[in-house]
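Numbering (this note's numbering), first residue to last: 1 to 406.
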């Protein structure tokens, strides 16, 4: 059986010359020289300690460049440099075969903050590492007092569910044809809940997405987690942690006084292809103007009480509920004057109003706004037209997948 080191080196190109370490002029020659030296030491396999030190220097230097100014203004070359530094460090950590967790964490940082390099080599490297570091399966009784041992799905007892007002319900249709969906909902920009269109997903059909399963597939992977009930709060922040840590601290153990944790708006399926295999892009996306690879797929995984404040997005959205239920309220773009968008550019697409506890003294027109609402159940897909305002609150432990398309 091949050693871990042999398997890791097999992920790299067979020859040192096949690694493309060419960058534009923004990356200094001295840094390129350091990258080449680290790669050479890696292939020689002799002085791994020095290679590890060089790799960390590369990571630290490029990290500083990634954190200067706004993210959109960061030159992509610095993201490439960061990814190469993470690659070299992760491989070095595999030499003695004991630093699995740190090696995987390093790869994830490269995937989160860097650029795809060498045909997604960081994803391929993680796959090798995970095969050598498979966690022991835990019994359902061990996953926490909040998990029903008789059910594998991610669910808890429902809190009191808001009654949907008569005449304000979002309509539901079962597997409409492409032509019907286009004519009755897409062109006139009308929200609708689609039923029966994701029943074939392994994530839905086979009830695969349990705490056990997600921990087994992704428990050691590092992801960004939002802390705070909503992103408009002053105390809101973000942090990096493993999926396993997130499950233990925020899904199974919601301690009073701790902030709500939410794995929100994260492209988890690019980072972890094994989960991507459990879902499929809805057929209705073919009615869009762009290619399938331009559809943005995000994961939304959190406990009871996560809130997405009333906001609008610049693309259509198929919000797919895989586990749990969510209360959703929708306002047409025509209602925008009554919704009091933030005056700042950063939050111009977000309302200042707390939808379920509105301050009508400061926002008196809000109660005049016409809206639709629904409770989205597992296996249902809500079509949210472009620019439609929407407010979302989870009613229990919830996992949703959104597809943004044009």
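Even for Gly, the Cβ is constructed at its ideal location relative to N, Cα and C.
query, result
"Burial state of residue 26, where buried means 16 or more other Cβ atoms lie within 10 Å", "exposed"
"C-beta atoms of residue 94 and residue 4 nearer than 8 angstroms", "yes"
"Which of helix, strand or coil DSSP assigns to residue 241", "strand"
"Beta strand (DSSP E) segments (min. 3 residues) lying fully within the stretch 302-351", "307-311, 316-323 and 326-331"
"Among 281, 311 and 19, nearest to residue 331 - alpha-carbon criterion", "311"
"Enclosing beta strand (DSSP E) for residue 272 [first to last residue]", "Unbroken run through residue 272: none, as it is neither H nor E."
"Secondary structure of residue 14, DSSP reduced to three states", "coil"
"Beta carbon of residue 244 nearer than 8 angstroms to that of residue 215", "yes"
"Alpha helix (DSSP H) segment containing residue 202, residue limits", "202-205"
"Segment contact, 8 angstroms Cβ cut-off, at least three pairs: the stretch 318-338 with the stretch 381-397", "yes"
"Residue 99 in three-state terms, based on DSSP", "coil"
"Cβ pair residue 11, residue 128 closer than 8 angstroms", "yes"
"Straight-line gap, residue 375 to residue 359 (C-alpha atoms, nearest Å)", "24 angstroms"
"Boundaries (first-last residue) of the alpha helix (DSSP H) holding residue 212", "211-218"
"Per-residue burial, residue 109 [other beta carbons within 10 Å of its own, 16 or more giving buried]", "buried"
"Contact belief for residue 111 with residue 122 at Cβ below 8 angstroms, rounded distance in angstroms", "5 angstroms"
"Reduced DSSP category for residue 401 - H, G, I as helix; E, B as strand; rest coil", "strand"
"Proximity winner among 81, 354 and 70, relative to residue 24 (alpha-carbon distances)", "81"
"Extent of the continuous alpha helix (DSSP H) run through residue 61", "48-66"
"Residue 170 beta carbon less than 8 angstroms from that of residue 204", "no"
"Identity of the residue in 257, 334, 280 and 86 nearest residue 38 by Cα", "86"
"Residue 257 and residue 302 closer than 8 angstroms at C-beta", "no"
"C-alpha gap between residue 225 and residue 218, whole angstroms", "14 angstroms"
"Touching by the beta-carbon criterion (3+ pairs, under 8 angstroms), the stretch 88-102 and the stretch 48-66", "yes"
"Residue 232 (DSSP reduced to helix, strand or coil)", "coil"
"Environment of residue 165 [buried if 16+ CB atoms lie within 10 Å]", "exposed"
"Run of the alpha helix (DSSP H) containing residue 84, from where it starts to where it stops", "76-93"
"The stretch 361-379 contacting the stretch 329-345, beta-carbon criterion three pairs below 8 angstroms", "yes"
"For residue 174, the residue or residues it bridges with in DSSP", "195"
"Alpha-carbon to alpha-carbon, residue 7 and residue 140", "The predicted model places residue 140 with a pLDDT of 32, which falls under 50 and marks its position as unreliable; any figure quoted below should be read in that light. C-alpha separation (whole angstroms): 33 angstroms."
"Contact belief for residue 404 with residue 267 at Cβ below 8 angstroms, rounded distance in angstroms", "Not confirmed; about 11 angstroms, so no contact."
"Beta-carbon contacts of residue 151 that lie in its chain and below 7 angstroms, excluding the five residues immediately before and after", "Any reading at residue 151 needs caution, since the residue's pLDDT is 37, under 50, leaving its predicted position unreliable; the model's value is listed next. Closer than 7 angstroms at the Cβ level, and outside the excluded window around residue 151, lies no residue."
"Coarse secondary structure for residue 381, derived from DSSP in three states", "strand"
"Beta strand (DSSP E) segment containing residue 34, residue limits", "Note, residue 34: premise wrong, no beta strand (DSSP E); alpha helix (DSSP H) at 29-44."
"Neighbourhood of residue 229 by C-beta, 6 angstroms cutoff - its chain only, sequence neighbours within 5 removed", "260 and 307"
"CB of residue 352 within 8 angstroms of CB of residue 300, strictly", "no"
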